[in-house]
Structure formats: C-alpha cells, structure tokens
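Numbering-wise, the sequence shown is residues 8 to 214 according to the working numbering.
For every residue, glycine included, the Cβ atom is placed at its ideal position computed from N, Cα and C.
Predicted, not measured: the structure shown is a model, and the values here were computed from it.
Heads up: the structure comes next, in structure tokens.
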Amino acid sequence: MIGNIRGTLLEKQPPEILIEAGGVGYEVQVPMTSFYELPEIGQEANLVIHFVVREDAQLLFGFANKKERAVFRELIKASGVGPKLALAILSGMNAEQFMQCVSREDVTALTKLPGVGKKTAERLVIEMRDRLSKLAKDQGYAETVHLTPDLPVENTFVQRTDAKEEALSALLALGYKGPQASKVIQAVFNDGMSSEQLIREALRAMA
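As structure tokens, then:
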C-alpha cells in the first residue's frame, strides 16, 4: 500500500501530475482543490496517496492533506460513486465544503457538480451524513465550517500549452460536458490567464 509520496514534481497536466521519487516517476491524479496547492515544476511536492488496484490498472490519487483523502475514501464507498466521480466532486469543492453541504443537506449545491444529478445528490446526503459526522468527530474536524469564496492562489506552469486547451482538457477529464466547459471557459477567459487560473475561474462559475 502506498500512503505517501514525496519527490520532485516533473509535470502538471490537470488533473494529473508526474512526480519522481527514488528514481521512479509516479502518475498521480489530483483533485483541483489539492492541485492548486502544488509547488512549481522542479520543486519538491508531498502528497498523501490513495492506491486503487483494478484488474486492468493500478491508480494513484493524491491529496494535499489527510482530510481530503479521508473524504475521498468515504465518497468511493457510496453507491454509484467511483474514484473518477469522487475526484470531480473534490475538484468542485474541497473536503470541508463537501462536508458542510452534506451536513446542511444542500442538494442544490451538489447537483452543480459534474456527474451528480438530483438522485445522486440526495443519496450522497443520506448515505454520507452519519459517516462524515463520525469522521469529523474521530479525526477532530469541525462539522460545520465556513465556505471560503476563494481557492488557494494557483501556481503557474513552467511549460504549458494553450491555456484554453489545457483548461478544457482538465474539465473534460473531471466529467464536465464539452459544450458546457467550452462555453464557461470562453466566458471567464482573460488575456494572460494561466491554465490553472482559467480552470479555477471556470469551476467557480459553474458552482
């Protein structure tokens, strides 16, 4: 079981990164809320890891802290929620915001996330309310938190392709539909934006 990776950040192509540790390059999928906290390429990064083994693949999911990973692990236990959807949910809102939505039974906020319809949102509230409450108590997390309107300031890529293309690719990987993602990107784009800035603003606009 891989629980943590500390190494040199080689590539950042949201929502995936490549990190080298001990001479091995690990491809890790990271929710955008954790992605924004990554250092610049070439610097040392430290991620807590959830390791998924399937018949056809071995997948690594990385998080900025143990709270994000803990909520991810609770999410993938819910009916109809796999790692891809859990990653998308924690890209649209961080762990504390998700816990708050569930605690408040805020189905409307949850349905704005890609792949989360009304029935799925209602099921998440029902299935996860008690589990997240227990998680908060067991690990000392606050059950009620204040939403923060701004995500952490993003890092710029040392090497990057067109910001719009990279942002669109990231949103598609997170489960957003092409026409919706393209429309939002066009609406929020300003000259000089990095792809991370564009992704952040697009996610905020769809929240």
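Hey, out of the options, whose CA is closest to residue i's CA?
i    : options               : result
L181 : K91, E173, D198       : K91
T15  : A170, L45, L97        : L45
R111 : D137, F58, D145       : D137
G69  : K190, I9, S202, K125  : I9
N11  : Q20, K73, V191        : K73
M106 : A128, L54, Q20, G89   : A128
E172 : Q187, M213, E47, I192 : I192
K84  : V59, L67, Q104, N101  : V59
R61  : G30, G89, A102, V37   : G89
Q204 : A194, A174, Y183      : A174
Q50  : G32, L17, V31, E34    : L17
I48  : V195, V55, E27        : E27
M213 : Y33, H57, M100        : M100
R13  : L54, V37, Q187, L66   : L54
Is the beta carbon of residue i sitting closer than 8 angstroms to the one on residue j?
i    : j    : result
N139 : E81  : As written in the sequence, residue 139 is Leu, which differs from the Asn given in the question. Yes, the pair counts as a contact, with Cβ atoms nearer than the cut-off.
A71  : S41  : yes
S201 : A170 : yes
A52  : V78  : no
V123 : V109 : no
L179 : A209 : no
P38  : L117 : no
Mapping DSSP to helix, strand and coil, what is residue i?
i    : result
G185 : helix
E47  : coil
G32  : strand
V88  : coil
R211 : helix
L54  : strand
V59  : strand
R167 : Residue placement at R167 is poorly supported in this model, since its pLDDT is 40, which falls under 50; the coordinates still yield a value, given next. Coil at R167, not helix or strand.
I246 : The requested residue 246 is not part of the displayed model; the chain covers only 8 to 214.
M8   : coil
E150 : Model confidence at E150 stands at a pLDDT of 43, short of 50, so the residue's coordinates are unreliable; what they give is reported in the following sentence. Note: E150 maps to coil in three-state DSSP.
G99  : helix
K126 : helix
Which two residues bound the contiguous beta strand (DSSP E) that contains residue i?
i    : result
K19  : 11 to 20
E103 : Taken as a continuous stretch (DSSP letters only), E103 belongs to no beta strand (DSSP E), being part of the alpha helix (DSSP H) at 102 to 111.
E23  : 23 to 28
F68  : 65 to 70
Could you spell out the range, first to last residue, of the alpha helix (DSSP H) harbouring residue i?
i    : result
E173 : 170 to 180
F196 : Here F196 belongs to no alpha helix (DSSP H), and DSSP marks it neither H nor E.
K119 : No alpha helix (DSSP H) contains K119, which DSSP labels as neither H nor E.
V78  : 73 to 82
Assuming residue i and residue j make a contact with CB atoms under 8 angstroms, what is their CB distance in whole Å?
i    : j    : result
R130 : S86  : 6 angstroms
R207 : Y43  : 7 angstroms
E23  : V31  : So it is not a contact: roughly 16 angstroms between Cβ atoms.
Y183 : P121 : 5 angstroms
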